Amino acid sequence: MPGCTLRNKNRGGPSGPPAGPGGNAPVFPFDGRIASMTQKIVFLDRETLGATVRRPGFAHEYVEYDVTAPDQVVERLKDATIAITNKIPLRADTLAQLPNLKLIAVAATGTDVIDKVAAKKQGIVVSNIRGYAFNTVPEHVVALMFALRRNLLAYAVDVQNGVWNKARQFCFFPHPIRDIAGSTMGIVGYGALGKSIAERARALGMKVIAYDAFPQEGLVDFETILRDSDVITIHAPLTDETRNMFGAAEFKKMKNSAILINTARGGLVDEAALAQALKEGEIAGAGFDVLTQEPPVNGNVLLDPTIPNLIVTPHVAWASTEAMQILADQLVDNIEAFVSGKPANVVE
């Protein structure tokens with residue numbers, strides 16, 4: 156049931172922190188007694204992770220909640236030394252009320268739900284998950300690309316509505332079908348995930364061009380991505396600089412036959428401008444796994460069923476069974492590393 160609480164105490168694990176290099180005591184973000192203390196771990200949104208979360212190998216109390224409302228965060232974390240969150244925000248005003256908190260273990264790669272400046276000021280370490288989605292996200296991107304380039308949704312709807320039954324020929328192709336091989340993929344955000352997608356695109360016979368805010372050899376500028384790409388896939392973080400990086404002006408620069416795929420963050424794209432661009436045929440299609448507000452409790456312009464060649468999935472590109480288990484294992488690895496005095500995957 157939503158909001159249920161499970162508790163588990165584990166008294167196993169090391170009795171103290173290991174020595175650092177040369178036998179020196181390790182540098183902790185707080186008191187070195189941490190490894191011998193019973194840690195209180197609170198998972199705020201356990202329902203977001205469909206995998207087995209093993210219990211850490213040190214003395215701890217563990218509490219998990221399926222969901223946590225904003226007004227419940229402080230009460231649930233007031234005694235916690237370690238907080239686990241996927242998408243529950245922890246802002247400065249909240250953190251100021253949590254003097255016991257020492258680690259925020261984010262159960263995701265993106266950490267925009269955390270006020271990292273405020274956390275650092277309080278001596279709170281923030282860790283995230285890395286490298287778990289190198290198969291599941293690229294496969295989702297490729298699936299969206301094929302569906303959109305070949306207009307699979309439109310054809311499926313036509314068949315379901317009996318339109319094919321009335322055709323004069325054996326085939327029925329009122330919607331354009333475009334090859335993947337020979338087309339150009341533009342990748343915005345060329346980190347490890349972007350590179351993983353590039354490998355798959357090349358294997359499909361695509362030309363790959365890429366842009367990243369951090370210069371790398373062989374990359375192109377953003378204008379080239381807009382002008383030359385048949386498929387653009389976004390893998391950039393959401394920051395003040397990248398918010399709405401795709402808007403009306405950018406869509407006008409894209410090919411009319413181009414498609415846009417976003418499995419990163421909803422705020423990277425002006426959703427109203429995208430809806431208009433699709434309706435007016437400025438671009439040919441879009442596949443989105445993310446929206447500005449999730450879930451879209453107040454609706455969203457991209458949920459309009461009249462928008463042509465648009466696929467919206469409910470933020471599941473990351474969520475293959477295999478990927479979620481890798482994530483869950485790394486989440487606990489991060490917590491154990493922190494308590495041992497050797498924090499891993501720390502986000503500044």
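Just so it is clear: in the sequence shown, position 283 is 438 by the numbering used here, and no numbers are missing. No residue lacks a Cβ here, since even glycine has one placed at the ideal position from N, Cα and C. Treat the numbers as computed from the prediction; the structure is a model and nothing was measured.
Option nearest residue i by Cα separation, candidates the options
{"i": "Met300", "options": "Gln324, Asp367, Gly317 and Thr418", "result": "Thr418"}
{"i": "Ala368", "options": "Gln485, Phe325 and Phe377", "result": "Phe377"}
{"i": "Ser412", "options": "His390, Leu433 and Leu258", "result": "Leu433"}
{"i": "Val296", "options": "Asp200, Ala499, Val268 and Ile389", "result": "Ile389"}
{"i": "Leu359", "options": "Gly349, Glu372 and Gly337", "result": "Gly337"}
{"i": "Met409", "options": "Ala439, Gly422, Leu232 and Arg420", "result": "Ala439"}
{"i": "Glu449", "options": "Asn255, Ser475 and Val268", "result": "Val268"}
{"i": "Ala235", "options": "Ala273, Gln252, Pro244 and Glu405", "result": "Gln252"}
{"i": "Pro293", "options": "Ser351, Cys326 and Pro244", "result": "Ser351"}
{"i": "Arg420", "options": "Gly205, Leu204, Thr266 and Thr203", "result": "Thr266"}
Reduced DSSP secondary structure (H/G/I, E/B, other) of residue i
{"i": "Asn489", "result": "helix"}
{"i": "Lys195", "result": "strand"}
{"i": "Thr240", "result": "strand"}
{"i": "Val281", "result": "strand"}
{"i": "Leu465", "result": "strand"}
{"i": "Leu245", "result": "strand"}
{"i": "Ile269", "result": "strand"}
{"i": "Trp319", "result": "helix"}
{"i": "Asn179", "result": "No answer about Asn179 holds up, because its pLDDT of 35 lies below 50 and its placement is not dependable."}
{"i": "Arg210", "result": "coil"}
{"i": "Lys410", "result": "coil"}
{"i": "Ile481", "result": "helix"}
{"i": "Gln431", "result": "helix"}
{"i": "His509", "result": "In the structure as shown, the chain begins at 156 and stops at 503. Residue 509 is therefore absent and cannot be evaluated."}
{"i": "Met361", "result": "coil"}
{"i": "Leu204", "result": "coil"}
{"i": "Pro184", "result": "Interpretation of Pro184 is limited by its pLDDT of 48, a score under 50 that renders its predicted location unreliable; the figure taken from the coordinates is listed afterwards. Correct three-state label for Pro184: coil."}
{"i": "Leu303", "result": "helix"}
{"i": "Pro450", "result": "coil"}
Residues bridged to residue i [DSSP beta-bridge criterion]
{"i": "Val312", "result": "Beta-bridge pairing links Val312 to no other residue."}
{"i": "Leu415", "result": "Ile387 and Ala441"}
{"i": "Ile259", "result": "Ala238 and Val281"}
{"i": "Ala343", "result": "For clarity, residue 343 is Val in the given sequence; the question names Ala instead. DSSP, once it has assigned bridges, lists Tyr366 and Ile389 as partnering Val343."}
{"i": "Val501", "result": "Ser282"}
{"i": "Phe401", "result": "Val424"}
Cβ pair residue i, residue j closer than 8 Å
{"i": "Asn283", "j": "Ala263", "result": "yes"}
{"i": "Asn290", "j": "Ala478", "result": "yes"}
{"i": "Val280", "j": "Leu258", "result": "yes"}
{"i": "Val452", "j": "His470", "result": "no"}
{"i": "Phe401", "j": "Asp425", "result": "yes"}
{"i": "Leu232", "j": "Ala238", "result": "yes"}
{"i": "Arg246", "j": "Asp221", "result": "no"}
{"i": "Thr193", "j": "Glu216", "result": "yes"}
(request) Indicate whether the contact test is met: 3 or more Cβ pairs, each with one atom in the region 299 to 317 and one in the region 331 to 338, closer than 8 Å. (result) Judged by Cβ distances under 8 Å, the region 299 to 317 makes contact with the region 331 to 338, as three or more pairs qualify.
(message) Quick check: the region 337 to 348 against the region 356 to 366, are at least 3 beta-carbon pairs closer than 8 Å?
(response) yes
(request) May I ask you to verify whether the region 349 to 363 touches the region 314 to 322, counting CB pairs closer than 8 Å and requiring at least 3? (result) no
(message) With three or more C-beta pairs closer than 8 Å as the rule, is the region 482 to 489 touching the region 208 to 215?
(response) Verdict: yes, contact present.
(message) Closer than 8 Å is the cut-off here; do at least three beta carbon pairs connect the region 424 to 440 with the region 448 to 468?
(response) yes
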